[in-house]
Amino acid sequence: MTDLAIEATGLVKRYGNARTGRTALAGLDLAVERGQVFGFLGPNGAGKTTTIRLLLDLLRPTAGSLRVLGADPRDSPKTRGRVGYLAGDFRIDGRQTGHEALTYLGDLRGGVPAARITELAERLDLDLGRRIGTLSKGNRQKIGVVQAFMHRPELLILDEPTSGLDPFLQQRFVELVQEADGNGQTVFMSSHVLSEVQRTCRRVGIIRDGELVTVADVEKLRRSAHRTIEITFASEIDTAVFDRLPGLQNVTVTGTPDGGRVLRAILTGSPDTLVKTAARFEVTGLLAEEPELEEIFFTFYGHGSHTNGTKGPAS
Ligand code: ATP
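Residues in the sequence shown are numbered consecutively from 1362, following the numbering used here.
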């Protein structure tokens, strides 16, 4: 048995005809080990959803080969019960109640204990007795979360799964992914929510223009990202001590009306030295802005650069 949950080689997907059509995937190579929580990141239109639809045999590739849990996705009836899938806009027949829909889907997957469905619904604060058509978008998405996780599938394929969920539920979702990780399940997840990716994924692959441009450890990605820092001090500070700190750039210090100082800078890497240096003075405020995912891409590849084959700090 291969130790890869997902293996794509030279995957090409073209929509439409050769003349007017569009190439969504231009020879994608991808390997996701079993038991890995893998984030699949990329700007809009990069080809993430296309890849996921190919994995699920909702689309067929134009060229290239693909294995999911060791099988060709065309044989998906064999592997379907071992996979959980959730898209950001989960849709299902609205006439059923949540309870009816989830029991039915659980039976299709070889039987899911009612207690498991109830437990997940309670954790997500989901009312199973209501007709799905009467639920808000966020509550419908919770049904999607339950149906993806309830049978503890070997492989979870999640396509921007938390769109429409509020921060409380995003947190519950993160816990479910962490549990799946603890159980040795494989998770393949596309997301634009960087904090979610940082807390759940150990590896990320970045796709651009239908090609995988890098695969990196999340920790490495995070360390290489820029953060905007703003520290407010109660009174005057010795600005010089901040000038030579590692990873600190564009340092500016301005005064406040009450005689304090505000230091603004761009920090790359660990905040440890900065925090220890700032602690020599009385700190009254601290802001550290997490970079947007897009900014991280730019950190890696340069603004708007589309240089083919440019590699980030792959590990
Ligand atoms: P997003 O983050 O916006 O969801 P994505 O990375 O998931 O983007 P895809 O939806 O896979 O990107 O789209 C990849 C490319 O293929 C885009 O240029 C898109 O316009 C095109 N595309 C996707 N679906 C179709 C389709 N059914 N017909 C024609 N072109 C399509």
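Even for Gly, the Cβ is constructed at its ideal location relative to N, Cα and C.
For secondary structure counted as the beta strand (DSSP E) over 3 or more consecutive residues, the segment 1407–1447 holds these complete runs in sequence order: 1424–1429. Rounded to whole angstroms, the gap between the alpha carbons of residue 1567 and residue 1473 is 35 Å.
Note that the segment 1599–1616 does not touch the segment 1436–1447; fewer than 3 beta-carbon pairs, one per stretch, sit closer than 8 Å. Boundaries for residue 1593: no alpha helix (DSSP H) harbours it, while the beta strand (DSSP E) harbouring it runs 1587–1594, taken from the DSSP string. Excluding the 5 residues flanking it on each side, residue 1620 has same chain C-beta neighbours closer than 7 Å at 1596, in chain order. For residue 1544, the number of other beta carbons within 10 angstroms of its own is below 16, and it is reported as exposed. The Cβ-Cβ distance between residue 1600 and residue 1623 does not fall below 8 Å. Of the residues 1500, 1551 and 1371, the one whose Cα lies closest to the Cα of residue 1530 is 1500.
In terms of Cα proximity to residue 1577, the closest of 1570, 1565, 1588 and 1377 is 1565. Every unbroken stretch of the beta strand (DSSP E) spanning 3 or more residues and falling wholly within the segment 1455–1523 is given here in chain order: 1516–1520. Between the ligand ATP and the CB of residue 1377, the shortest heavy atom gap is smaller than 7 Å.
For the pair residue 1546 and residue 1515, the CB atoms are nearer than the 8 Å cut-off.
Distance from the CA atom of residue 1433 to the CA atom of residue 1424, rounded to whole angstroms, is 13 Å.
Within the same chain, Cβ atoms closer than 6 Å to the Cβ of residue 1537 are found at 1510, the five residues on either side in sequence being excluded.
Only residues of its own chain outside the window of five on either side were considered, and among them 1593 have a CB closer than 6 Å to the CB of residue 1646, listed in chain order.
For residue 1387, the closest alpha carbon among the candidates 1408, 1381 and 1377 is that of 1408.
In the DSSP assignment, the residues bridged to residue 1389 are 1372. As far as DSSP is concerned, residue 1554 takes part in no beta bridge. Residue side-chain check: residue 1569 keeps its Cβ at 7 Å or more from all non-hydrogen atoms of the ligand ATP. From the listed residues 1587, 1611 and 1524, the smallest Cα separation to residue 1632 is found for 1587. At a Cβ-Cβ threshold of 8 Å, residue 1585 and residue 1400 do not count as neighbours.
Taking the Cα positions, residue 1402 is about 44 Å away from residue 1618. Going by DSSP, residue 1531 is part of no beta strand (DSSP E) but of the alpha helix (DSSP H) stretching over 1528–1543.
From the listed residues 1378, 1384, 1429 and 1411, the smallest Cα separation to residue 1548 is found for 1429.
Around the C-beta of residue 1380, fewer than 16 other C-beta atoms lie within 10 Å, and the residue is accordingly described as exposed.
By the neighbour-count criterion, in which 16 or more other beta carbons inside 10 Å mark a residue as buried, residue 1495 falls on the exposed side. The criterion of a C-beta distance shorter than 8 Å is satisfied by residue 1458 and residue 1492.
Pairing residue 1448 with residue 1520 gives a Cβ-Cβ distance under 8 Å. A direct Cα-to-Cα measurement between residue 1517 and residue 1556 gives close to 19 Å. Of the heavy atoms belonging to the ligand ATP, at least one sits nearer than 7 Å to the Cβ of residue 1407. Closest by C-alpha distance to residue 1630, out of 1456, 1638, 1637 and 1581, is 1581.
In this model, residue 1524 and residue 1450 are separated by some 7 Å (Cα to Cα). Annotation: residue 1628 to residue 1610 spans about 6 Å, alpha carbon to alpha carbon. In this structure, the ligand ATP has a non-hydrogen atom nearer than 7 Å to the beta-carbon of residue 1403.
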